[in-house]
Amino acid sequence: MTAIAIGTWRKPSIIPGFGLTFGFLMVYLSLIVLIPIALLILRTTQLSWAEYWAIATNARVVAALRLSFGAALIAAAINTVFGIIVAWVLVRYEFPGRRLADAIVDLPFALPTAVAGIALTAIFAKNGWVGQYTEPLGIKIAYTSIGVVIALTFIGLPFVVRTLQPVIMEIERETEEAAATLGASRRQTVFRVVLPTLVPALLTGFVLALARGIGEYGSVVFIAGNLPYRTEIAPLLIVIRLTEFDYNGATAIATIMLAISFVMFLAINLIQVWARRRFGYV
Amino acid sequence: MTALAQFRRDTDYIEANLSLVAPFVDERLRVKTMNVTVENLVKAFGATPALHGVSLEIASGELIALVGPSGSGKTTLLRLIAGLDFPNSGRVLFGAEDASSKSVQERNVGFVFQNYALFKHMSVFENIAFGLRVRPRATRPSEASIRQRVMTLLDLVQLNGLEKRFPGQLSGGQRQRVAFARALAIEPGVLLLDEPFGALDAKVRKELRRWLREIHDRTGHTTVFVTHDQEEALELADRVVVMSQGRIEQVGSADDIYDNPATPFVFDFIGDSSALPVIVDKGSIALDDRILSIDAKGHADGPATLFFRPNHVRLAGQESGSIVGTVTGSRRHGDIRRLELEVGLARHRCEIDVPADSEVSRNGRVAVKPTDWRLFPRVS
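If you're matching them up, the sequences are chains A and B in order.
Take the first sequence: its letter number 67 is residue 67 in our numbering, and every next letter is one higher.
Basically our numbering = 1-based index in the second sequence + 1000.
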């Protein structure tokens, strides 16, 4: 088996330069991703298991992690639902200002996150455009976990839309027409034919938005209010630990986030692999 | 036992043993066919006209081919019948019923797309069952009868055992047959096929052609199919509709179309033919300065085009009034040899068939006389 594997490995390829590019890939990935993460993990080894466990189960840390992952999950889910609609409209319909709307989708990418955070806070605070109407109804948005979700929704939107657009463009008109000739209503066509073909792309967009949300710092710290145990996100807690010169505490929280994220993304990846194998397409 | 007999027997069995009270079962017993009438359909896409007032009668149970070059409007006509597009004016009748106001869902047509348009995320089974599953609860068959129906159809299209596969795991010909079974599942009143064999290689095409004819004979659906392949149209269809530039040129049986082409376009499009520009003058025909010994009595004087097929000529030797040309090419064509000639001063090209053992040299002179020919007035 090994011999065969090596044989195919060394086989001259139509596309030359594999050796060079693969070498580059390894060096680049190591420098940019693997070495920093290795150092992070190495740093945690300075803690004993007992100390590590104490940090991991600290009530403030648990609350921050729960908020970070929970809000990111909710925001990614919201983006998935509304991202479909945005992407669908942008791809399927011609309307004046379509290009402008398309460009606006990218704004959360381009805007410095702190600016976004301040702007959102201004809108949703007690005297803001939206806040002044919701607050009398008893709905506080700024300085609550709702505010965190809104900030994460804002920064996650382009990931879902940009992942979906090319896939929606690729849907053959005939597939929908076929469903119609078979008697399917528009609604049935959307839910049974169109959406299922979008699932792999939706999952990818969801993962990207989720990953972005978990790590987001800049926009959230302004709108969250940062109350320990209530509206304090995990990345902020890491920064707080650093400013207290508690480097071990900071790296411990970081590795916990890393581990949870890794397990989540691995699981989603496996779902995609399974889907690809089962349906024979991406 | 034929698939249809099996199908009927299964139906009886279900009815007798599961006592299904659905109208579905009754529908399954007979294959509903209907005639289709197309009246004066006009369709333009923006400023581009696609159909200029097309009328056509399609008899119940008929297998009819729409044939023409790309842009002739054949696919547009098919889509208008299906209700996938709507005409600017004119109407489509299913039986005696005006279908113009009916949506594509209500028309109950089976449509097979050129690229099959299978649902990639569904198994073969689910693809075929789709049309039954989306029915309103009141008319939706039970799970058992859906299963029965899909299996019967899989049998009909000879894909038994592949029901769990996904479209991505099938060959082109297999996908085509899944698309076909999926369209048949809803018991369509009319079956519409858009270039059904367009994407397949020549051998599979031939097989599927015979297979389609067989299925049509068994199920008796009124079937309209679009093709740009005249051979396919002539071989397969009861009647052939030749279209060009949004108009119907001729409707007829394969024999009609081939032996009595109604227009220069049909003569040119169907089968091999040569066309020579001639002048008709008081019953005689002149090709450039030569008078041909072809009797043109009854034809109006003026410019005309002389059409003849390569095999409808005989070698003329030294006879006067023959068509004389220089051989510019020679190729073997089955049992005969086909020569390419340049005729007259203007070097008009034409093709003739001679026995394979004829000794013809390149640049040699050959004289021929058409044994069967048609003359169409030339408008220029």
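Using N, Cα and C, we set each Cβ at its ideal position, and we do this for glycine too.
Query: Stretch pair the stretch 39–47 of chain A + the stretch 247–264 of chain A: three plus CB contacts closer than 8 Å; Result: yes
Query: Within chain A, the residues that Ile1186 of chain B reaches when beta carbons sit closer than 7 Å; Result: Leu182 and Gly183
Query: Contact check, Ile1352 of chain B vs Leu1345 of chain B, beta carbons under 8 Å; Result: no
Query: Residue-level contact to chain A via CB, Asn1115 of chain B, 8 Å cutoff; Result: yes
Query: Proximity below 8 Å, CB of Ile1058 of chain B to CB of Val1042 of chain B; Result: no
Query: Contact set between His1221 of chain B and chain A, taken where Cβ atoms lie within less than 7 Å; Result: Result: empty, since nearest Cβ-Cβ is about 14 Å, beyond 7 Å.
Query: Backbone CA spacing between Phe1024 of chain B and Ala1185 of chain B [nearest angstrom]; Result: Only weak support is given to the placement of Phe1024 of chain B: the predicted model assigns it a pLDDT of 34, under 50, and the question is left unresolved by the model.
Query: Closest by C-alpha distance to Ser1358 of chain B, when choosing among B:Ile1294, B:Arg1331 and B:Gly1083; Result: B:Arg1331
Query: Proximity of Ala1050 of chain B and Gly1246 of chain B at Cβ, strictly below 8 Å; Result: yes
Query: Limits of the alpha helix (DSSP H) - the one that Ala224 of chain A falls within; Result: Gly218 to Ala224
Query: Span of the beta strand (DSSP E), counted from its first residue to its last, around Thr1037 of chain B; Result: Val1036 to Phe1045
Query: Inter-residue CB distance, Ser68 of chain A and Ala184 of chain A (contact presumed, cutoff 8 Å); Result: About 42 Å; that fails the 8 Å criterion.
Query: Ordered list of alpha helix (DSSP H) runs contained in the stretch 1212–1236 of chain B, each at least 4 residues; Result: 1230–1236
Query: Option in A:Leu237, A:Glu216, A:Tyr229 and A:Arg99 with minimal Cα separation from Phe154 of chain A; Result: A:Glu216
Query: Integer-rounded CB distance, given that His1228 of chain B should sit under 8 Å from Gly1068 of chain B; Result: 7 Å
Query: Selection of the stretch 91–109 of chain A by Cβ proximity to chain B, strictly under 9 Å; Result: none
Query: Alpha carbon of Arg1030 of chain B to alpha carbon of Tyr93 of chain A, nearest angstrom; Result: Note on Arg1030 of chain B: pLDDT 46, under 50, position unreliable in the model; the coordinate value appears next. For Arg1030 of chain B and Tyr93 of chain A, the distance between alpha carbons rounds to 43 Å.
Query: For Leu1159 of chain B, three-class secondary structure by DSSP; Result: coil
Query: Assigned exposure category for Gly1189 of chain B - 16 Cβ within 10 Å defines buried; Result: buried
Query: Short CB-CB distance (under 8 Å) between Gln46 of chain A and chain B; Result: no
Query: CA-to-CA distance, Ile1064 of chain B to Glu1097 of chain B, given in whole angstroms; Result: 20 Å
Query: Below-8 Å beta-carbon distance, Thr175 of chain A vs any chain B residue; Result: yes
Query: 8 Å Cβ cutoff, Asn269 of chain A in contact with chain B; Result: no
Query: Nearest residue (CA-CA) to Asp1288 of chain B, options B:Val1251, B:Asp1217 and B:Val1343; Result: B:Val1343
Query: Outcome for Leu1018 of chain B when other beta-carbon atoms lying within 10 angstroms are tallied against a minimum of 16; Result: Confidence at Leu1018 of chain B is low in this model, with a pLDDT of 40, below 50, so the placement of that residue should be treated as unreliable; the coordinate-derived value is given next. Burial call: exposed.
Query: Beta-bridge pairing of Lys1369 of chain B - partner residues as DSSP gives them; Result: B:Arg1314
Query: Nonlocal neighbours in the same chain, by C-beta distance under 7 Å from Asp1301 of chain B, ignoring five residues either side; Result: Val1280, Asp1281 and Lys1282
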